[in-house]
Structures are given as structure tokens and as C-alpha cells.
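Numbering (our numbering), first residue to last: 9 to 170. First comes the structure, then the notes that go with it.
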Amino acid sequence: MSRPLTARKPTPAELRRVHQWLEKPLRPWQRRRAEVLLLRSADLSATAIARLLHVHVNTVYADLRDFAQHGLSSLSRPRTVGAPPHLSQEQIAAVWRLAGQSPTTLGLPFGRWTLAKLRDVLIREKIVKSISREHLRRVLKKGGIHFAASAANSSAPTRIGV
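The structure is reproduced here in C-alpha cells:
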């Protein structure tokens, strides 16, 4: 059962603008958002709109919430998906420095870094507040640092092109 739809319906003037909007070439997500508004104005439930447009019901709720907050400008605003947290140049340099050191020289009970272990130390030492392993991998890659696939290949991270 879907939750009740409380988002406001488009006014007649807004509906005219939506119809005009649909006459021009649009990206698929822009067209979908406009169609959600048209179907909402016809008193359809979020579930019915989702079925008609072949999208998840949460997408319908998100489109309607954006419309309620931003009006018709929501039709052209790309929805932001969480970007990785911004790291300062000092933090990036500290990540690279730490990754270049052997864990045993730092008194740690393991001989080589993994992304998970490096991430834990970065957070524990308050170099970063939080960082995903994937984002850490990208930061290391920018510094030309990668970890060997197995312990047989290497016991420490290597720097490429340096």
C-alpha cells in the first residue's frame, strides 16, 4: 500500500507550461518529471503513476517533492546524488604519505595495507572524518599508488610512474 499523496498539484498555468515543455526535445528524466506532474494533476496515485511510467514509486515521490520545493524549475534541475566528501590537498597528501609507509614501521600488527585497514587508520588518526574504500582507492590512484593483488606480489603499496 502506498502512502497518501500530499504533494500539491500543478496550477492550470503551470500545466500549460508543462505541456509547452513537453513539445521540445528533452532528456528522458526531464520528460518523466513532466509526465509525473501531468499524471498527478489527473488525481492518480503515486503507485499508478509509477506503473504507467515504469519507474519506482519512490522516484515519483522524489519528483513530486522536488516540484513542491522548487516549482517548475525542478523539471530542468538534475538531481544530485551524494558526491564523495571533498578532501583538502593536505588530507590527500597525508593519505599518500601514510599509504607509502609500511604499517609495521608505524607499530601496527600487520605487514601490508589493504584499503579497509588504511581507511580505518585514516579515520582513527583523524586524518579524515570518513571515507569509503572506493573513494580511497580513487585518491590513491590519483597519487599513482596501488596495492598489489596478493601478498606474493608485494608487501607494500607501489607508486606508478614516479
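Ideal Cβ placement from N, Cα and C applies to all residues, glycine included.
In this structure, P111 and R105 do not form a Cβ contact; the two beta carbons are roughly 13 Å apart against a cut-off of 8 Å.
Following the DSSP letters along the chain, one finds H27 inside the alpha helix (DSSP H) bounded by residues P20 to L30.
Counting only residues of its own chain and dropping the five nearest sequence neighbours on each side, R24 has no CB closer than 6 Å to any other CB.
Judged by DSSP in its simplified three-state form, H154 adopts strand. No Cβ-Cβ contact shorter than 8 Å links A56 with R16. Only residues of its own chain outside the window of five on either side were considered, and among them R85 have a CB closer than 8 Å to the CB of H78, listed in chain order. It is roughly 9 Å from the alpha-carbon of R40 to the alpha-carbon of V68.
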